[in-house]
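Report on the following structure.
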Amino acid sequence: MEENRNPRPVEESSKLPTITLFVLIAMVVALLFVGWQSMKDDGAKEDELVSKRPNSIEVSGQNGADAVVIPAPLEETGEDIVAKDEKKKVEKKEELKKEEGPKKEEKPKTEPKKVEIPKGETISHTVQSGETFYGIANRYHISKSTLQSLNPGVSQDGIKVGVTKLNVKIQTIHTVGAGDVLRVVAQKYGISKQALMDANKKTKDLAERGEKLIIPLK
Numbered sequence: 237m238e239e240n241r242n243p244r245p246v247e248e249s250s251k252l253p254t255i256t257l258f259v260l261i262a263m264v265v266a267l268l269f270v271g272w273q274s275m276k277d278d279g280a281k282e283d284e285l286v287s288k289r290p291n292s293i294e295v296s297g298q299n300g301a302d303a304v305v306i307p308a309p310l311e312e313t314g315e316d317i318v319a320k321d322e323k324k325k326v327e328k329k330e331e332l333k334k335e336e337g338p339k340k341e342e343k344p345k346t347e348p349k350k351v352e353i354p355k356g357e358t359i360s361h362t363v364q365s366g367e368t369f370y371g372i373a374n375r376y377h378i379s380k381s382t383l384q385s386l387n388p389g390v391s392q393d394g395i396k397v398g399v400t401k402l403n404v405k406i407q408t409i410h411t412v413g414a415g416d417v418l419r420v421v422a423q424k425y426g427i428s429k430q431a432l433m434d435a436n437k438k439t440k441d442l443a444e445r446g447e448k449l450i451i452p453l454k
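Numbering (my numbering), first residue to last: 237 to 454.
This is the structure in structure tokens:
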């Protein structure tokens with residue numbers, strides 16, 4: 237009789253609680269990992285925001301008005317400060333130039349030309365009535381600048397009759413001999429007869445024997 241009884245099924249140990257426990261542990265680990273990643277990303281963003289300089293500042297409008305973005309002031313570097321100082325110096329120089337006005341151009345100093353004194357004898361001439369500085373230069377066949385160089389202390393307009401004595405250059409003094417006429421004497425010294433007459437204040441082609449004639453420069 238006992239053998240014919242249905243044997244009592246052996247109850248299998250339930251695996252459901254174990255699986256559920258593993259699932260819960262896995263979920264907890266997953267949540268912890270996600271939370272840790274989220275915290276890590278937030279920290280990195282905060283570091284990035286701190287390291288970056290703000291380029292603008294957002295100001296909220298009143299009564300719900302749109303926000304206005306105002307650029308944040310940039311920090312000045314050493315180069316910016318130096319550049320500003322240089323700019324100020326340049327502006328100051330330009331202001332000073334404007335105040336002073338345009339500078340007058342300085343004319344280069346020209347040295348007086350040196351007059352070459354011709355070779356020959358030097359004689360003294362006393363100014364006579366009606367003579368001028370220029371006229372005396374012409375009489376002795378020299379330039380006015382040469383006559384001035386020979387008499388540096390004499391004013392051209394300050395010569396006085398019978399008082400002022402001028403140094404003049406001539407070739408030589410010729411003593412008239414037998415047969416000497418002005419034309420022949422002039423040819424001998426390579427000058428014109430008129431130049432010879434002017435130097436000796438002659439109006440006629442005449443010369444006396446023994447007379448001393450001034451021979452002007454060529």
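Quick reminder that beta carbons are idealized off the backbone N, C-alpha and C, glycines included.
Using a Cβ-Cβ cut-off of 6 Å (strictly less than) and excluding sequence neighbours within five positions of residue i, which residues of its own chain qualify?
| i | result |
| --- | --- |
| I255 | none |
| D441 | L418 |
| L432 | L418, A422 |
| G394 | none |
| T439 | none |
| E238 | In this prediction, E238 has a pLDDT of 45, which is less than 50 and means its spatial position is unreliable; what the coordinates show is noted afterwards. If we look at E238 and ignore the five residues flanking it on each side, it has no Cβ neighbours. |
| K429 | L418, R419, A422 |
| Q392 | F369 |
Apart from the five residues just before and just after residue i, which ones in its own chain have a Cβ nearer than 7 Å to its Cβ?
| i | result |
| --- | --- |
| P245 | The predicted position of P245 is uncertain, since its pLDDT is 49 and thus under 50; a value taken from the coordinates is nonetheless stated next. Excluding sequence neighbours, P245 sits near nothing in its chain. |
| S365 | V397 |
| R375 | D434, A435 |
| Y370 | K380 |
| G446 | T411, V412 |
For a test of the three-state rule: what should DSSP assign to residue i, helix, strand or coil?
| i | result |
| --- | --- |
| V363 | coil |
| A262 | helix |
| D277 | helix |
| E444 | coil |
| T256 | helix |
| G413 | coil |
| I395 | coil |
| G271 | helix |
Can you tell me where the beta strand (DSSP E) with residue i in it begins and where it stops?
| i | result |
| --- | --- |
| N374 | N374 -> not in any beta strand (DSSP E); alpha helix (DSSP H) instead, spanning 369 to 375. |
| K350 | Careful: K350 lies outside any beta strand (DSSP E) and carries neither H nor E. |
Just list the residues that DSSP pairs residue i with in beta bridges.
| i | result |
| --- | --- |
| V404 | I359 |
| I451 | T408 |
Can you name the start and end residues of the alpha helix (DSSP H) that residue i belongs to?
| i | result |
| --- | --- |
| Q423 | 418 to 425 |
| S385 | 380 to 386 |
| K429 | 429 to 435 |
Tell me which same chain residues have a C-beta within less than 8 Å of the C-beta of residue i, skipping the five on either side of it?
| i | result |
| --- | --- |
| A443 | V412, D416, V417, L418, V421, L449 |
| K276 | none |
| V363 | I372, I395, K396, V397, G398, V399, T400, K401, L402 |
Exercise. Would you call the stretch 353 to 365 and the stretch 416 to 427 in contact, with 3 or more CB pairs under 8 Å?
Worked result: With a cut-off of 8 Å, the stretch 416 to 427 and the stretch 353 to 365 do not count as touching, because too few Cβ pairs lie within range.
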